[in-house]
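So the structure is just underneath, and the comments pick up after that.
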Amino acid sequence: MPELPEVETVRRGLAPLMEGRRILAAVARRPDLRWPLPERFAERLTGRTLRRLDRRAKYLMADVGPDANGVDEVLVMHLGMSGSFRIEPDTGPPETPGDFHMPRSRLAAHDHVVLRMEGGADGSATGRTGGVEIVYNDPRRFGAMFLLPREGLAAHPLFRDIGPEPLGPDFTPEALARALAGRRTPLKAALLDQKVVAGLGNIYVCEALHRAGLSPERAASTLTAPTGHPTALIVQLVETIRTVLEEAIEAGGSTLRDHAQVDGTLGYFQHTFRVYDREGGACTSPGCRGTIARLVQSGRSTFYCAACQR
DNA sequence: CCGAATACCTGTCTGC
DNA sequence: TGCAGACAGGTATTCG
1 MPELPEVETV RRGLAPLMEG RRILAAVARR PDLRWPLPER FAERLTGRTL RRLDRRAKYL
61 MADVGPDANG VDEVLVMHLG MSGSFRIEPD TGPPETPGDF HMPRSRLAAH DHVVLRMEGG
121 ADGSATGRTG GVEIVYNDPR RFGAMFLLPR EGLAAHPLFR DIGPEPLGPD FTPEALARAL
181 AGRRTPLKAA LLDQKVVAGL GNIYVCEALH RAGLSPERAA STLTAPTGHP TALIVQLVET
241 IRTVLEEAIE AGGSTLRDHA QVDGTLGYFQ HTFRVYDREG GACTSPGCRG TIARLVQSGR
301 STFYCAACQR
């Protein structure tokens, strides 16, 4: 499921267990996810301190500091369609460099990567060595990990063309108007395009369009005035996208507080949607008596209300 | 250049 | 119960 709110929830869940801590051991249990894992993955990460865990679009970006040659690197992680992280208490023996022990009983099918983190001074993580083991599980293997130089990362092909962060200062009505100008593609497809705005996926595009009262089939260009300036509709859409994402992050936060320490699985949380996966259900817009319908646009399901989305 | 289709994988659900 | 087929929240690549 991971779209921006889910990835941000994962980031917030992992950050307290990872930031400022050494990676005592790392394991890649297979050579690839969607693409090959970084060469010598375990050796390159072992012993380094994870300074910060950030997010850009749907990517997690872990600043792991300098490598053996002093080159600052970032561990970039993407959850794809089915990736999640699980937190296990570290019950392993004290570390020797390059050594890694994890009880087989605690590994599950599709556990592809494990990072053993050192414990924190605050005692917030309570494995035998005071730390945790962070397990990446991904059945469909559409996820990915890269270890890239920090210098010039924004110009890397993965990030070069990604649009503004929707919760950041650059996602303005003017910017969205510019990005949609002249585009004949349906609004649904345009908002899924990561070049237009970062981090939206199928669910939150459906949700945002419903709340904004905009048809997913409307040509994207029709939100931009002939002058190239934003229309009132675009101002509304920018605001709606922010609201939908903020509410979802809030829902993810409460899931974290309620369940993360018990369940240990990050990446999926309960959230109720107004249109997504509600085909045949009643539209919840005030005063609307419509029914949620499903349609397929460029091979993906769109859920919407034809009565109130124009 | 743009937009649509395809490919990458496995698990789950539906209908016969 | 078994099984074929559809479908799943992402994105790089290919095709027209």
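For the first sequence, full-length UniProt numbering gives the first residue as 1, with consecutive numbering after it.
Quick reminder that beta carbons are idealized off the backbone N, C-alpha and C, glycines included.
Values in this document were obtained by computation on a predicted structure and should not be read as measured data.
(request) Could you check what DSSP says for Glu73 in three-state terms: helix, strand or coil? (result) As a position in the first sequence, residue 73 is number 73, starting the count at 1. Note: Glu73 maps to strand in three-state DSSP.
Measure the Cβ-Cβ separation of Arg167 and Leu245 and say whether it is below 8 Å. The residue given as residue 167 occupies position 167 in the first sequence. The residue given as residue 245 occupies position 245 in the first sequence. Reading the sequence as shown, one finds Leu at residue 167 and not Arg. Yes; because the gap between Cβ atoms is below 8 Å, this pair is in contact.
- Any heavy atom of the ligand GTP closer than 7 Å to the Cβ of Ile87? For the ligand GTP, the structure offers nothing, since it holds no ligand at all.
**Message:** With H, G and I counted as helix, E and B as strand and the rest as coil, what does DSSP make of Ser105?
**Reply:** Walking along the first sequence from the start, residue 105 turns up at place 105. Assigned with DSSP and collapsed to three states, Ser105 falls in helix.
**OP:** Report yes if the CB atom of Gly253 is closer than 8 Å to the CB atom of Ser221, and no otherwise.
**Re:** Position 253 of the first sequence, counting from 1, holds the residue named residue 253. Position 221 of the first sequence, counting from 1, holds the residue named residue 221. No, Cβ-Cβ distance for Gly253 and Ser221 is not below 8 Å.
| query | Taking the C-alpha atoms as reference points, what is the distance between Gln236 and Pro286? | reply | Mapped onto the first sequence, residue 236 falls at position 236. Mapped onto the first sequence, residue 286 falls at position 286. Rounded to whole angstroms, Gln236 and Pro286 show a C-alpha spacing of 17 Å.
| task | For the alpha helix (DSSP H) holding Thr227, just list the boundary residues, first then last. | result | Here residue 227 refers to the residue found at position 227 of the first sequence. Here Thr227 belongs to no alpha helix (DSSP H), and DSSP marks it neither H nor E.
Three-pair Cβ contact test at 8 Å for the segment 25-34 versus the segment 54-62: No, because fewer than three Cβ pairs between the segment 25-34 and the segment 54-62 fall closer than 8 Å, the two stretches do not touch.
- prompt: When you compare each of Tyr136, Ile87, Arg140 and Val238 to Leu180 by their alpha carbons, which one comes out closest?
  reply: In the first sequence, residue 180 corresponds to position 180, counting from 1. Per the Cα distances, Val238.
Option nearest Gly47 by Cα separation, candidates Leu37, Ala68, Leu107 and Asp54
Position 47 of the first sequence holds residue 47. Of Leu37, Ala68, Leu107 and Asp54, the residue nearest in Cα terms is Ala68.
Review point. Should Arg21 be labelled buried (16 or more other beta-carbon atoms within 10 Å of its own) or exposed?
Key: Counting from 1 along the first sequence, the entry for residue 21 is found at position 21. By the 16-neighbour rule on beta-carbons within 10 angstroms, Arg21 is buried.
### Message
Once DSSP output is grouped into helix, strand and coil, what is the label at Glu8?
### Response
The residue labelled residue 8 in the question sits at position 8 within the first sequence. When DSSP states are grouped into helix, strand and coil, Glu8 belongs to the helix group.
Would the beta-carbon of Gly120 fall within 8 Å of that of Asp90? If you number the first sequence from 1, residue 120 lands on position 120. If you number the first sequence from 1, residue 90 lands on position 90. At the C-beta level, Gly120 and Asp90 stay beyond 8 Å of one another.
Problem set entry | Minimum C-alpha distance to Arg29 - residue among Arg86, Val74, Val114 and Leu45 | Numbered from 1 along the first sequence, position 29 holds the residue referred to as residue 29. Per the C-alpha coordinates, the member of Arg86, Val74, Val114 and Leu45 positioned closest to Arg29 is Val114.
Query raised in the report: What runs of the beta strand (DSSP E), each 3 residues or longer, lie entirely inside the UniProt domain "FPG-type" (274-310)?
Result: Every beta strand (DSSP E) of 3 residues or more that sits fully in the UniProt domain "FPG-type" (274-310) is shown, in chain order, as 292-297 and 300-305.
- prompt: In whole angstroms, what separates the C-alpha of Ala108 from that of Val135?
  reply: One-based indexing of the first sequence puts residue 108 at position 108. One-based indexing of the first sequence puts residue 135 at position 135. If I take the Cα positions, the gap works out to 10 Å.
key: Three-state secondary structure (DSSP) of residue 334   = No information on residue 334 is available, as it lies outside the stretch 1 to 310 that the chain covers here.
Exposure label - Asp138; buried when at least 16 CB within 10 Å: Walking along the first sequence from the start, residue 138 turns up at place 138. It counts as buried.
Just to confirm my understanding: we take Gly152, look at its own chain, exclude 5 residues before and 5 after, and list those with CB closer than 7 Å. What are they?
Here residue 152 corresponds to residue number 152 of the first sequence, with the count starting at 1. Correct list: empty, nothing qualifies.
Q.
Measuring only the C-alpha atoms, how far is Leu233 from Leu223?
A. To locate residue 233, count along the first sequence from 1; it is residue 233. To locate residue 223, count along the first sequence from 1; it is residue 223. Between the alpha carbons of Leu233 and Leu223 lies a gap of roughly 6 Å.
Put Ala198 into one of helix, strand or coil per three-state DSSP. By 1-based counting over the first sequence, the position of residue 198 is 198. In the structure shown, Ala198 sits in coil (DSSP, three-state: anything other than H, G, I, E or B).
Subject >> As assigned by DSSP and simplified to three states, the class of Glu250 >> reply: Here residue 250 is taken as the residue at index 250 of the first sequence, counted from 1. Looking at Glu250 - three-state DSSP - the assignment turns out to be helix.
- [ ] Taking only runs that begin and end inside the segment 127-156, name each unbroken alpha helix (DSSP H) of 4 or more residues, in chain order.
- [x] Scanning the segment 127-156 for uninterrupted alpha helix (DSSP H) segments of 4 residues or longer gives nothing; none is fully contained.
_Beta-carbon gap between Leu200 and Leu4 smaller than 8 Å_ = Along the first sequence, one-based indexing puts residue 200 at 200. Along the first sequence, one-based indexing puts residue 4 at 4. Yes, Cβ-Cβ distance for Leu200 and Leu4 is below 8 Å.
Counting along the chain, where does the beta strand (DSSP E) carrying Arg29 start and finish? Along the first sequence, read from residue 1 onward, the residue named residue 29 stands at position 29. Counting along the chain, Arg29 falls outside any beta strand (DSSP E), and DSSP gives it neither H nor E.
Exercise for review: Can you tell me which of Asp170, Glu217, Ile241 and Thr284 puts its alpha carbon nearest to the alpha carbon of Val296?
Suggested key: Indexing the first sequence from 1 puts residue 296 at position 296. Here the closest residue by C-alpha is Glu217.
Tell me which residues share the same chain as Leu256 and place their Cβ nearer than 7 Å to its Cβ, disregarding the 5 neighbours each side in the sequence.
Within the first sequence, numbered from 1, the residue matching residue 256 stands at position 256. Contacts found: Thr9, Arg12 and Gly13.
What three-state label does DSSP hand Val56 in the structure shown?
Working through the first sequence from its first residue, we reach residue 56 at position 56. For clarity, residue 56 is Arg in the given sequence; the question names Val instead. Three-state result, Arg56: strand.
Glu174 and Pro230 look like a contact to me (Cβ under 8 Å); what is the Cβ gap, rounded to whole Å?
The count along the first sequence starts at 1 and reaches residue 174 at position 174. The count along the first sequence starts at 1 and reaches residue 230 at position 230. That pair is a contact at about 6 Å.
Run through DSSP, which three-state label would His78 get? To locate residue 78, count along the first sequence from 1; it is residue 78. In this structure, His78 counts as strand in the three-state DSSP scheme.
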